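I have placed the structure first, in the form of structure tokens, so that the comments after it can refer back to it.
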Amino acid sequence: MLVKDRMTPKPICGSPDMAVTEAQNLMAENKIRHLPILDEDQKLVGLITQRSLESALPSDVSSFSQFEISYTLSQLKVHSIMVKDLYLVDPETPIEDAAMIMADKKLGALPVVKDGSLVGIMSGEDLFVAMTDLLGTRKAGIRVTVEQPDQKGVIARLTSAIAKEGGYLSVCVGYYPQDNPGTWVSVCKVENLEENRLVEVICSLKDTNIVDIRHYQENE
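Our numbering puts the sequence shown at residues -1 to 218.
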């Protein structure tokens, strides 16, 4: 899955010379938390975030009236508070790479740029939806979490054993647990196989343990 498959295309944008209050209203009306800023040549020059909006408020905001706050913000231009040093991704970037950048840099969104032009934005919400699909959350089946030694061929043995019994693996992802070095954990969504038979098949494999198992119904 690539960024282009899950980004929000053609995002709503602002300009450097618009008032901060205008940007604030634009974001509120469209229920967005990030506003890309384009110059007159339609080139990306910055990003307005909720944090940058908050930074524009007076330090002792409680001592100001709502009118004074609104007036102060109306005098500020977007270019004075926008984030200018941006992390960017290409539409062809793998979605896990985008997620890693956002996690490592504590970012809520990444502008997506192709050939120097903004073509989309990848938000945290976009990533959550992608993760839901990657994990097959809405698909019916038996979700089983399996723990195995981190050795060559263990995933193939697991999936082959399930397939041999007629089970259909609609999802199979995995991770290294932080608290158990040397172990690999697979999370599978299995269809067309009864739970008791699935348990028998998995437990027959050497050094293989079921950590969790549960049923999911189709969820739109």
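We put the beta carbon where it would ideally sit given N, CA and C, even for glycine. Given the structure is predicted, the values throughout are model-derived calculations rather than measurements.
Checklist line | Residue range of the alpha helix (DSSP H) that includes Asn23 | finding: In the DSSP assignment, Asn23 falls within the unbroken alpha helix (DSSP H) covering Val18 to Glu27.
Notebook entry, point to check: Would the beta-carbon of Leu105 fall within 8 Å of that of Leu86?
Noted result: Not in contact: Leu105 and Leu86 (Cβ atoms no closer than 8 Å).
Margin query: Pop quiz: Asp219 and Lys75 are said to be a contact at Cβ under 8 Å. What is the actual Cβ separation, rounded to whole angstroms?
Written below: Outside the shown range of the chain (-1 to 218) lies residue 219, about which nothing can therefore be said.
Item checked: Of the residues Ser50, Leu196, Val127 and Ser121, the one placed nearest Ser78, counting alpha carbons only -> Closest by C-alpha distance to Ser78, out of Ser50, Leu196, Val127 and Ser121, is Ser50.
Notebook entry, point to check: Which stretch, first to last residue, makes up the alpha helix (DSSP H) that contains Arg141?
Noted result: Counting along the chain, Arg141 falls outside any alpha helix (DSSP H), though it belongs to the beta strand (DSSP E) covering Gly139 to Pro147.
Next item on the list: Could you please give the first and the last residue of the uninterrupted alpha helix (DSSP H) stretch that includes Met129?
Entry: Per DSSP, Met129 belongs to the alpha helix (DSSP H) from Gly122 to Leu132.
Notebook entry, point to check: Start and end of the beta strand (DSSP E) containing Ser184?
Noted result: Residues Thr181 to Glu189.
Checklist line | Cβ-Cβ distance between Leu156 and Ser184 below 8 Å | finding: Going by C-beta atoms, Leu156 is nearer than 8 Å to Ser184.
Next item on the list: Return the chain-ordered list of same chain residues with a C-beta closer than 6 Å to the C-beta of Glu90, the five sequence neighbours on each side being excluded.
Entry: Answer for Glu90: Leu0, listed in chain order.
Next item on the list: Compute the beta-carbon to beta-carbon distance between Ile208 and Val142, rounded to the nearest angstrom, for a pair I have assumed lies under 8 Å.
Entry: That belief holds up - the Cβ atoms of Ile208 and Val142 are roughly 6 Å apart, short of 8 Å.
Note to self: So for Leu74, helix, strand or coil by DSSP?
What the structure shows: Of the three classes helix, strand and coil, the one that applies to Leu74 here is coil, per DSSP.
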